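K.L.:
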Amino acid sequence: MQLRRFTADSTPAALGAVRMAFGDDAIILANRRLGDQVEIIATGNAEDASSLDQFMAEEVMAANSTGETDSAAGAALMADDPAPCTSISELSAEIDSVSVDAPALSLRVPGALQPDNVALSGAAAQSATDPGNDDPSPTRSESAADEHAQTAAQPIAAIPPASVEPGATTQSSALVSGTAVMVADDSASRQALSQILQAIEAQRLSFDKRFRGLEINLWGAHSPARSMHLRRLFALGIGAELAVRLVERVEDTVAVDDAVRLSLAVLKSTLPVARDKSLHEPGITVFCGPPGGGKTTAMIKLATQHVKQSGNQSIIIIGADTRRIGAFEELQAYGKLLGVQTALAHDTSELESLLATFSHKELILIDHGLPDGDRGIELPASLLAPQNDAVRHLFVMPATLQAVNAEALISRHCSGRRMHCVLTHLDSNARLGELFNSIVRHHLPVAYWSDSQSVQTPLERADASVLVATAVAMSRRTPVSADDDWLQRLIQPPHQLLGESVVGVTTAWSQNS
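Residue 296 in this note's numbering sits at position 287 of the sequence shown, with consecutive numbering throughout.
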């Protein structure tokens with residue numbers, strides 16, 4: 010039998026001693042806390058796990074033979090619930106990950122080692138006697154061991170108060186307080202380690218960001234093709250984060266023109282596109298967006314398409330934009346031209362009432378402005394439920410919207426909601442690539458796009474290839490600002506800067522001469 014007892018100041022230290030003695034395949038049979046120390050009984054042989062009762066009996070007999078009154082060697086160990094037979098490698102992994110559960114180690118008891126089954130068997134009592142003694146009558150040690158084993162095997166409630174020694178009560182209190190200290194220590198350790206890991210992760214991300222920035226800054230000297238590739242993407246209006254990701258997807262040995270084409274192909278596959286069901290399935294479609302972004306025009310375009318398909322009796326337009334002056338009057342004018350009924354909601358309750366009144370309509374269009382604090386109408390909860398497939402939300406964004414404003418609007422009004430977007434004003438002098446950054450980052454699918462202010466021109470269904478080609482065409486007719494040109498020169502290869510300087514000096518010399 011290879012059962013051994015290990016005592017240390019902490020659980021990791023005790024487990025380390027067990028590992029040194031039996032290796033990673035050691036089996037933990039019992040554990041407890043003795044004052045400020047932790048005691049573990051372990052073995053290196055799985056067959057010895059069933060010998061725990063014999064080991065306890067020997068401890069009891071040793072304590073009785075030496076006249077000790079403290080039952081820490083036998084009775085207290087038998088009174089404690091032994092831990093399950095656990096591999097040392099598993100416990101070490103739990104300790105390393107700070108997920109060890111101290112109470113679980115002392116409360117989870119296998120069926121074979123339950124307190125009711127810990128009573129010493131006859132074989133165990135026989136092995137504890139002198140082999141040379143032929144007297145069948147029990148000795149004093151045998152009687153004490155049997156009596157102690159029967160007492161330990163009884164339920165706690167069945168032990169009479171008179172049979173509990175004063176030392177046992179003190180030891181039980183110490184065990185309970187020790188377990189509470191272990192729980193508190195483990196909880197504090199987990200919390201402290203969690204904070205340390207979070208700080209390390211934040212520091213790692215900071216270092217990665219700085220090193221990545223240094224690598225990008227060196228593209229001009231070490232990777233001229235990547236530098237020019239990045240500059241071409243910046244000219245399309247694509248933001249730095251998305252542009253760098255696109256450049257890194259292409260090998261630096263590819264020619265610049267081919268690399269740009271490959272990046273545009275990757276952008277096409279990355280750009281999210283959705284199919285709106287407003288013209289094919291009955292339901293409610295809510296249009297929202299910044300003022301002047303073409304929200305009302307886009308909604309009237311969709312209403313015109315529905316009237317052409319299904320007539321003007323199955324549709325209603327509800328105005329819920331109370332911030333813009335003349336918004337409902339504009340809807341009324343378009344409604345008269347189309348023969349479509351219009352209604353105005355002044356608050357959320359009135360909007361709910363109108364939705365209930367016109368629930369028989371095939372298509373309900375709502376012109377909703379973006380709420381700003383107390384101003385504006387909040388949408389009812391029924392329209393915001395993500396599981397309601399009959400409600401569609403379309404967020405209108407003009408191509409003239411700056412990237413920083415687009416990021417703020419999408420983060421504030423589109424996060425956590427099932428929403429598609431409509432890109433408008435594609436006929437203006439703007440860079441559509443600036444909107445791609447926020448669309449890809451927030452995964453906001455594009456449903457429609459429009460390049461005309463006329464309500465007779467229908468909304469075009471979104472196609473990633475068409476959107477990327479439109480962004481390239483818009484960038485060609487949009488001049489590069491002086492600030493953008495200066496920024497792009499920061500990443501331009503040095504030899505090209507030298508070439509431009511030589512050309513400039515030659516031109517100036519020829520003009521002076």
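All residues carry an ideal CB built from backbone N, CA and C; glycine is no exception.
This structure is a prediction, so every number in the text was calculated from the model and none was measured.
On a Cα-Cα basis, can you pick out the residue from V477, V413, V316 and T487 that is closest to P467?
P.N.:
Nearest C-alpha to P467: V316.
K.L.:
If you draw a straight line from the alpha carbon of F404 to that of V431, how long is it in whole angstroms?
P.N.:
Rounded to the nearest angstrom, the two C-alpha atoms are 6 angstroms apart.
K.L.:
Quick check on DSSP: helix, strand or coil for E210?
P.N.:
Helix, per DSSP.
K.L.:
When you compare the CB positions of L453 and S447, do they come within less than 9 angstroms of one another, or not?
P.N.:
Yes, the Cβ-Cβ distance between L453 and S447 is below 9 angstroms.
K.L.:
Assign R240 to one of two classes, buried (16 or more other C-beta atoms within 10 Å of its C-beta) or exposed (fewer than that).
P.N.:
That one is buried.
K.L.:
Fully enclosed by the segment 448-488, which alpha helix (DSSP H) runs are 4 residues long or longer?
P.N.:
Within the segment 448-488, the complete alpha helix (DSSP H) runs of at least 4 residues are 473-485.
K.L.:
What first and last residue would you give for the beta strand (DSSP E) that runs through F296?
P.N.:
Note, F296: beta strand (DSSP E), G292 to C297.
K.L.:
Quick one: Cα of D266 to Cα of V256, how far?
P.N.:
Those two C-alpha atoms are separated by around 12 angstroms.
K.L.:
In its own chain, which residues sit with a C-beta less than 7 angstroms from the C-beta of S323, not counting the 5 before and 5 after it?
P.N.:
Once the five neighbours on either side are set aside, the close Cβ partners of S323 are K370, E371 and L372.
K.L.:
With 16 as the cutoff for other CB atoms within 10 Å, does T178 come out buried or exposed?
P.N.:
The predicted position of T178 is uncertain, since its pLDDT is 49 and thus under 50; a value taken from the coordinates is nonetheless stated next. Exposed, by the Cβ-count rule.
K.L.:
Whole angstroms is fine: what's the gap from E359's alpha carbon to I375's?
P.N.:
So the two alpha carbons sit approximately 13 angstroms from each other.
K.L.:
With a 10 Å radius around its C-beta and 16 neighbouring C-beta atoms as the bar for buried, classify P407 as buried or exposed.
P.N.:
Buried is the call here.
K.L.:
Should E443 be labelled buried (16 or more other beta-carbon atoms within 10 Å of its own) or exposed?
P.N.:
Label assigned to E443: buried.
K.L.:
Buried or exposed: where does S272 fall if 16 or more other Cβ atoms within 10 Å of its Cβ makes it buried?
P.N.:
Buried, since its Cβ has 16 or more Cβ neighbours within 10 Å.
K.L.:
Got a sec, what are the start and stop residues for the alpha helix (DSSP H) H355 sits in?
P.N.:
H355 -> no alpha helix (DSSP H), and no H or E assigned at all.
K.L.:
May I ask you to verify whether the segment 347-356 touches the segment 317-336, counting CB pairs closer than 8 angstroms and requiring at least 3?
P.N.:
Verdict: yes, contact present.
K.L.:
Could you tell me which residues DSSP puts in a beta bridge with H377?
P.N.:
Looking at the DSSP assignment, H377 forms a beta bridge with A329.
K.L.:
How far does the alpha helix (DSSP H) with P407 in it reach, from first residue to last?
P.N.:
Counting along the chain, P407 falls outside any alpha helix (DSSP H), though it belongs to the beta strand (DSSP E) covering V400 to P407.
K.L.:
Which same chain residues, not among the five before or five after L392, have their C-beta less than 6 angstroms away from its C-beta?
P.N.:
So the list reads V400, once near-sequence residues are dropped.
K.L.:
Would you call the CB atoms of P300 and R333 closer than 9 angstroms?
P.N.:
Yes, the Cβ-Cβ distance between P300 and R333 is below 9 angstroms.
K.L.:
Please name the residue in A51, A30 and D18 whose C-alpha comes closest to that of G44.
P.N.:
Answer by Cα proximity: D18.
K.L.:
What is the DSSP secondary structure of R284, reduced to helix, strand or coil?
P.N.:
Three-state result, R284: coil.
K.L.:
Tell me the residue span of the beta strand (DSSP E) that contains N40.
P.N.:
Element bounds for N40: I36 to L43.
K.L.:
Can you tell me which residues form a DSSP beta bridge with R14?
P.N.:
Note: R14 sits in a beta bridge opposite I50.
K.L.:
Restricting to Cα atoms, I'd like to know which of A307, A26, L363 and E56 is closest to V464.
P.N.:
Among A307, A26, L363 and E56, the Cα nearest to that of V464 belongs to A307.
K.L.:
Could you tell me whether the Cβ atoms of L206 and I247 are closer together than 9 angstroms?
P.N.:
Not closer than 9 angstroms, so no.
K.L.:
Out of T20, G344, R450 and R486, which has the shortest C-alpha to C-alpha gap to K310?
P.N.:
Nearest option by C-alpha distance: G344.
K.L.:
Quick one: using the 10 Å Cβ neighbour count with 16 as the cut-off for buried, is N40 buried or exposed?
P.N.:
It is buried - the Cβ of N40 has at least 16 other Cβ atoms within 10 Å.
K.L.:
Return the residue from the list L435, G425 and A264 that minimises the CA-CA distance to G303.
P.N.:
Ranking the options by Cα distance to G303, first place goes to L435.
K.L.:
Hey, could you find the ends of the beta strand (DSSP E) L432 is sitting in?
P.N.:
First-last of the beta strand (DSSP E) with L432: H429 to T433.
K.L.:
Given this structure, state the Cα-to-Cα distance separating N321 from G348, to the nearest angstrom.
P.N.:
C-alpha separation (whole angstroms): 6 angstroms.
K.L.:
Compute the Euclidean distance between the alpha carbons of H377 and A234, then round it to the nearest angstrom.
P.N.:
Between H377 and A234, the C-alpha separation is close to 47 angstroms.
K.L.:
Is it the case that the Cβ atoms of T487 and N438 are separated by a distance below 9 angstroms?
P.N.:
It is a contact, given that the beta carbons lie within the stated cut-off.
K.L.:
Beta carbon of T313, beta carbon of E339: below 9 angstroms?
P.N.:
Contact flag unset, no.
K.L.:
Return the residue from the list W495, I209 and S236 that minimises the CA-CA distance to T262.
P.N.:
The shortest Cα separation from T262 among W495, I209 and S236 belongs to S236.
K.L.:
Using only alpha-carbon positions, find the residue among E290, C297 and F15 that is nearest to T433.
P.N.:
Considering only alpha carbons, the answer is C297.
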